[in-house]
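Novice:
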Amino acid sequence: MNWTVPVDKLAERLGAVAQRWVVDGPAERADRARRNLLAAIAEREPSTLNEVAANVGRGAPAVSRAVDALVRSGHVERAPDPDNRRRLCLRLTEDGRKLLDAKPKASAVIADRLGRLAQSELRAVERAVEILER
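Just so we're aligned, residue 1 is where the sequence shown starts under UniProt numbering, counting upward by one.
Shown next, in the form of structure tokens:
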């Protein structure tokens with residue numbers, strides 16, 4: 001039987017459990033909201049503002065302000081919709097894609113620590129995560 005544990009997957013699961021225990025600060029909440037918005041744009045690229053708003057379950061004005069910030073930070077670009085001149089399409093920039101693809105900092109820290117454990121210890125942590133996820 002092969003007991004090799006994928007450390008990065010275990011770190012993601014443990015990070016998700018730990019996030020439920022940790023009080024989120026404003027920076028963490030803002031980062032999560034930014035990543036959720038980027039994911040919503042990427043899901044239906046090119047996306048319209050209304051599609052993104054429906055996807056994240058927020059109103060178009062709030063999403064518009066958040067998208068403005070992502071455009072200013074270089075993570076999203078707006079382009080005219082070739083099928084409808086009154087509408088704009090949203091696309092992730094390379095920086096936006098990198099931000100979306102990057103692992104959250106908490107997962108990287110946990111993965112580093114898990115990487116120092118023996119396989120038997122990793123199996124024990126994995127079992128603990130399974131128990132905590134219930």
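Idealized CB from N, CA, C, for every residue including glycine.
Is it the case that the CB of residue 18 approaches a heavy atom of the ligand FMN more closely than 7 Å?
Specialist: Although the ligand FMN was asked about, the structure shown includes no ligands whatsoever.
Novice: So, with DSSP's three-state summary, where would you put residue 5?
Specialist: coil
Novice: Just to confirm, is the Cβ distance from residue 15 to residue 82 under 8 Å?
Specialist: Not closer than 8 Å, so no.
Novice: Quick check on the DSSP output: the alpha helix (DSSP H) that includes residue 79 runs from which residue to which?
Specialist: Premise fails: residue 79 lies in the beta strand (DSSP E), 76-81, not in any alpha helix (DSSP H).
Novice: Given residue 39, which residues of its chain have a CB within under 7 Å of its CB, disregarding the five upstream and five downstream residues?
Specialist: 100
Novice: How long is the line joining the alpha carbons of residue 112 and residue 10, rounded to whole angstroms?
Specialist: 11 Å
Novice: Check the C-beta distance from residue 59 over to residue 53 and give it rounded, since I have them as a contact under 8 Å.
Specialist: 6 Å
Novice: Excluding the five sequence neighbours on either side, which residues of its own chain have a C-beta within less than 8 Å of the C-beta of residue 147, listed in chain order?
Specialist: Within the shown structure, residues of the chain are numbered from 1 to 134, placing residue 147 beyond reach of any answer.
Novice: Please name the residue or residues paired with residue 85 in a DSSP beta bridge.
Specialist: Within the DSSP bridge table, the entry for residue 85 names no partner.
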